[in-house]
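Note sheet for the following structure.
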Amino acid sequence: MANRSIRQVWRCWVVIAWGFGIGMSLQVHAEGTLEKIKRTNTFVIAYLNGTMPFAFLNDDKQVTGYTIDLCRKIAEGIRRDFKLPQLQVQFMEVDTVTRFIALDQNKADLECSTSTNNAERRKIATFTVPHFFASVRMLVKAGSGIRNWEDLRGKTIVVPRNTPMVKQIDERSNIRSLGIKIVEVAYNEEAFSSLEKGLADAFVMEDVLLRRYLLSVPHPERYAVVGDSLSLEPYGIMMHKGDPEFKRYVDLQMVKIIRSGDIFKIYDRWFTKPISDTIPAMGMPMGYLLRDTLRYPTDKVADD
């Protein structure tokens, strides 16, 4: 009986040790992002289409924009540093939900558009140095009578799905008993369409993205960006969580882009000059907060 107990204990320890060994083996042999890029000779950039001037399709159906240009610079660094002259840069269109899935499943190496760096998202992804700070406001029809958040009492607003402002608006609505109905959609274009068709009274999002619609709609005078700033959103290039080597590399590349002055040239290209032959300039010189942040680059943000 004693021998049987000893054998049972021994078998348990063998199973535990074997399982531990397998786990360690998987950790040791898990392929990092840089290794995958070198093996496949491919660099995949995920992006949210319709986030002009950060990431969008131009008239030639090419992915372009401010954040896209920053990520292209990172790709250039990989091509140079790892001697990959034939490195292919591929683009993957995602929405506000699938961007996280694409990173988690290693289908994309970076997400380059307008992702806010906040505590909730840092549980599932990592971010590099912020490249923009935006204020959350709302786009309304000019004759709606809506000028601030209190004017939304009993009204319907539309917001992009899986974005921080959903919780912020819900909290404000509950605290002030506004009874705001929140409708979430997958794409910004869908949100604007809801406002345009009268299905929603306001389209809530970052002001820089709302202003983009005023540049491209036939009658911009029919709309207005209004409301006090609900929150300040630091945009950062997003990466898969759990790959510190790749994060260090991306951080280093961002610092190089900043120190070389390239980020200022790229910013001016997209915010102070005409976006295209048919879309005028945003008229948004770099703000003091971003300029000061770039003096001492860090991935730390206010809620860290």
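Following my numbering, the numbering of the sequence shown begins with 15 at its first residue and continues without gaps.
For glycine and all other residues, C-beta sits at the position ideal for the given N, C-alpha and C.
In this structure, the beta-carbon distance from Met268 to Pro311 falls below 8 Å. Collapsing the DSSP output to three states places Leu228 in a helix. For Pro99, no alpha helix (DSSP H) segment is defined, and its DSSP state is neither H nor E. By the Cβ-count criterion, Gly64 is buried, with 16 or more other Cβ atoms from all chains shown falling within 10 Å of its own Cβ.
Ranked by Cα distance from Glu198, the options Tyr263, Leu224 and Asn176 are led by Asn176. Between Glu220 and Ser149, the C-beta gap is smaller than 8 Å, which places the two residues in contact. For the pair Val239 and Leu153, the Cα-to-Cα distance works out to about 5 Å. Contact between the stretch 204-215 and the stretch 111-121 is absent: fewer than three C-beta pairs spanning the two stretches fall below 8 Å. Taking a C-beta distance under 8 Å as the contact criterion, Thr128 and Phe70 do not qualify as a contact pair.
Straight-line measurement puts the Cα of His145 at about 12 Å from the Cα of Asp306. DSSP places Ala295 outside both helix and strand once states are collapsed to three, so it counts as coil.
Around the beta carbon of Ser191, fewer than 16 other beta carbons sit within 10 angstroms, so the residue counts as exposed. In the structure shown, Phe70 adopts extended strand secondary structure according to DSSP, grouped into three states. Assigned with DSSP and collapsed to three states, Thr177 falls in coil, not helix or strand.
Thr292 counts as exposed, since fewer than 16 other beta carbons sit within 10 angstroms of its beta carbon. At a cut-off of 3 residues, the continuous stretches assigned as beta strand (DSSP E) that sit fully inside the stretch 125-199 are 139-141, 146-155, 170-174 and 195-199. Beyond the five residues adjoining it in sequence on each side, Lys261 comes within less than 8 Å, by CB distance, of Thr140, Thr142 and Met253 in the same chain, given in chain order. When C-alpha distances from Tyr80 are compared across Asp95, Arg94, Tyr61 and Leu228, the shortest belongs to Tyr61. For Val111, the three-state secondary structure derived from DSSP is coil. Between Lys255 and the set Asp83, Ile92 and Asp123, the nearest pair of CA atoms involves Asp123.
Separation of Arg136 and Lys169 (C-alpha to C-alpha, rounded to the nearest whole angstrom) is 32 Å. Listed in chain order, the non-local C-beta contacts of Ile92 below 7 Å within the same chain comprise Ile51, Phe57, Leu98 and Leu101, local neighbours out to five positions each way being set aside.
Secondary structure at Thr312: coil, using DSSP grouped into helix, strand and coil. Here Arg161 is not near Leu244, since their CB atoms are 8 Å or more apart. Short of 6 Å from the beta carbon of Trp284, and not among the five residues preceding or following it, lie these beta carbons of its own chain, in chain order: Pro67 and Tyr80.
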